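> Each residue of the sequence shown is one higher than the last, beginning at 1 in full-length UniProt numbering. All residues carry an ideal CB built from backbone N, CA and C; glycine is no exception. Treat the numbers as computed from the prediction; the structure is a model and nothing was measured. Before I ask anything, here is the structure I am working with.
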Amino acid sequence: MLNPTDFPEPTLVPVNGVELEVFEAGRENAGKPIVLCHGWPEHAFSWRHQMPALAAAGYHVIAPNQRGYGNSSRPAEVTDYDIEHLSGDLVALLDHYGYEDATFVGHDWGAFVVWGLTLLHPGRVNKVINLSLPYQARGEKPWVEFMEEMFGGDFYFVHFNRQPGVADAVFDDHTFQFLRNLYRKNEPPGKPRPGMALIDLARAETPLGEPVMSDGELAVLVSAFESSGFTGGINWYRNLDRNWHLLADVDPIIRQPALMIYGDRDVIARGENLAEFVPGVEVISFDCGHWIQQEKPEETNRAMVKWLEQQDAA
């Protein structure tokens with residue numbers, strides 16, 4: 001396990017009307033940028049195992065806390081967290097460092113942002129590596145509306161949108177318990193129960209399975225969310241239907257080389273039509289759950305570096 005005190009010191013970078021808290025490694029590799037985009041409820045710290053490995057492989061590693069997280073700005077307006085704003089932050093981050101394009105890596109919600117960034121600003125992305133969340137094809141109905149029909153009002157995507165503020169308050173009141181209970185692996189299978197599963201998880205006294213990280217590592221996340229709260233990150237979910245509209249007239253094909261990494265035990269479904277929308281994709285999977293780069297850090301590092309070397313050679 002990494003000692004949290006070894007994580008790089010951040011800088012606050014002004015971008016796109018906000019400030020992002022940015023962590024870097026491998027500055028001596030200027031000219032070869034790779035940007036790591038975390039998910040929910042995460043933090044740039046989720047890339048702690050990848051940053052040294054990618055720097056050692058010759059990359060200038062840039063890991064922002066995206067808007068709503070850590071000490072980055074947390075705008076009050078829900079619409080300030082749509083895909084145009086989130087991708088605009090990353091474009092402005094490249095501008096700040098003087099880069100025309102970069103390789104982008106995303107996990108969970110970070111993967112959604114990287115897919116969206118690549119659609120909206122294809123000239124700024126040279127390669128894509130995404131973990132857990134495959135490309136989400138834009139169907140005939142807005143995403144939240146579709147999920148409500150499929151999964152009901154208690155499904156967390158729907159609940160976040162239809163009952164704003166309710167889950168946020170529970171998570172804020174149970175920050176340690178929620179994050180401790182969420183960051184688990186090798187959990188025993190259980191039957192779905194009625195109610196909002198994540199609220200129940202936040203209130204559960206006893207965690208299941210095994211911890212993904214050490215107590216010291218968990219403390220980094222707990223401290224960050226005790227300071228920031230959860231609303232900024234949840235506001236990303238509250239823009240799903242807005243994003244569906246914003247992407248209506250965009251070419252839906254990802255033309256950059258892409259690596260998709262799945263966890264075999266992840267609850268997020270694989271993309272059945274992934275190659276249709278991402279024709280240059282290579283797919284690999286590990287025997288793990290959702291927190292792929294933290295559950296399988298060495299395997300993730302090897303796979304990413306090997307794939308990047310193959311792309312450079314080609």
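#1: Roughly how far, in whole angstroms, is the beta-carbon of L117 from the beta-carbon of S73, given that I think they are within contact range, below 8 Å?
#2: Taking the beta carbon of S132 as the centre, do at least 16 other beta carbons fall within 10 Å, making it buried, or is it exposed?
#3: For P41 and I234, I'd like the C-alpha separation in whole angstroms.
#4: Using the rule of at least 16 other Cβ atoms within 10 Å of the residue's Cβ for burial, across every protein chain shown, is D173 buried or exposed?
#5: Leaving out the 5 sequence neighbours to the left and right, which residues in its chain are closer than 8 Å to H96 when beta-carbon positions are compared?
#6: Give the single residue among H43, G263, D241 whose Cα lies nearest to the Cα of W291.
#7: Give the straight-line distance between the Cα atoms of A102 and I62, rounded to the nearest whole angstrom.
#8: In chain order, what residues of the same chain lie with their CB nearer than 6 Å to the CB of G110, ignoring the 5 residues before and after it?
#9: Note down, in chain order, each residue of its chain lying with its Cβ closer than 6 Å to the Cβ of D287, except the 5 sequence neighbours on either side.
#10: Assess, as a yes-or-no matter, whether the stretch 273-282 is touched by the stretch 248-261 under the definition of 3 or more beta carbon pairs within less than 8 Å.
#11: What number of angstroms, rounded off, separates the C-alpha of E77 from the C-alpha of Q310?
#12: Who are the near neighbours of R27 in its chain, counting only those whose CB is closer than 7 Å to its CB and skipping five residues on each side?
#13: In terms of alpha-carbon separation, which member of D266, V222, F104 lies closest to G123?
#14: What residue does the alpha helix (DSSP H) around N161 start on, and which one ends it?
#15: May I ask you to verify whether the stretch 187-200 touches the stretch 132-148, counting CB pairs closer than 8 Å and requiring at least 3?
#16: Along the chain, where does the alpha helix (DSSP H) that runs through Y237 open and close?
#17: Expressed to the nearest angstrom, what Euclidean distance is found between the alpha-carbon atoms of P52 and V170?
#18: Around the C-beta of residue 332, are 16 or more other C-beta atoms found within 10 angstroms, so that it is buried, or is it exposed?
By the coordinates alone:
#1: On the sequence shown, position 117 is the one that residue 117 refers to. On the sequence shown, position 73 is the one that residue 73 refers to. So it is not a contact: roughly 18 Å between Cβ atoms.
#2: Looking up residue 132 in the sequence shown gives position 132. Its Cβ being crowded by 16 or more others within 10 Å, S132 is buried.
#3: In the sequence shown, counting from the first residue as 1, residue 41 sits at position 41. In the sequence shown, counting from the first residue as 1, residue 234 sits at position 234. Spanning the two alpha carbons is a distance of roughly 8 Å.
#4: Locating residue 173 in the sequence shown gives position 173, counting from the first residue. Exposed is the call here.
#5: What you label residue 96 is simply residue 96 of the sequence shown in a count that begins at 1. Cβ within range, chain order: V13, P14, V15.
#6: The residue labelled residue 291 in the question sits at position 291 within the sequence shown. Here the closest residue by C-alpha is G263.
#7: Counting from 1 along the sequence shown, the entry for residue 102 is found at position 102. Counting from 1 along the sequence shown, the entry for residue 62 is found at position 62. C-alpha separation (whole angstroms): 10 Å.
#8: By one-based count along the sequence shown, residue 110 stands at place 110. If we look at G110 and ignore the five residues flanking it on each side, its Cβ neighbours are C37, H38, G39.
#9: Within the sequence shown, residue 287 is the residue found at index 287, counting from 1. Same-chain partners within the cutoff: D264.
#10: yes
#11: The residue labelled residue 77 in the question sits at position 77 within the sequence shown. The residue labelled residue 310 in the question sits at position 310 within the sequence shown. So the alpha carbons of these two residues sit roughly 43 Å apart.
#12: One-based indexing of the sequence shown puts residue 27 at position 27. Excluding positions up to five away in sequence, the list reads H60.
#13: Stepping through the sequence shown from its first residue, residue 123 is reached at position 123. Nearest of D266, V222, F104 to G123, Cα basis: F104.
#14: Position 161 of the sequence shown, counting from 1, holds the residue named residue 161. Residues 156-162.
#15: no
#16: Indexing the sequence shown from 1 puts residue 237 at position 237. Segment 231-237, the alpha helix (DSSP H) holding Y237.
#17: If you number the sequence shown from 1, residue 52 lands on position 52. If you number the sequence shown from 1, residue 170 lands on position 170. Approximately 35 Å, taken between the alpha carbons.
#18: Past the edges of the chain, shown from 1 to 314, lies residue 332, and the structure says nothing about it.
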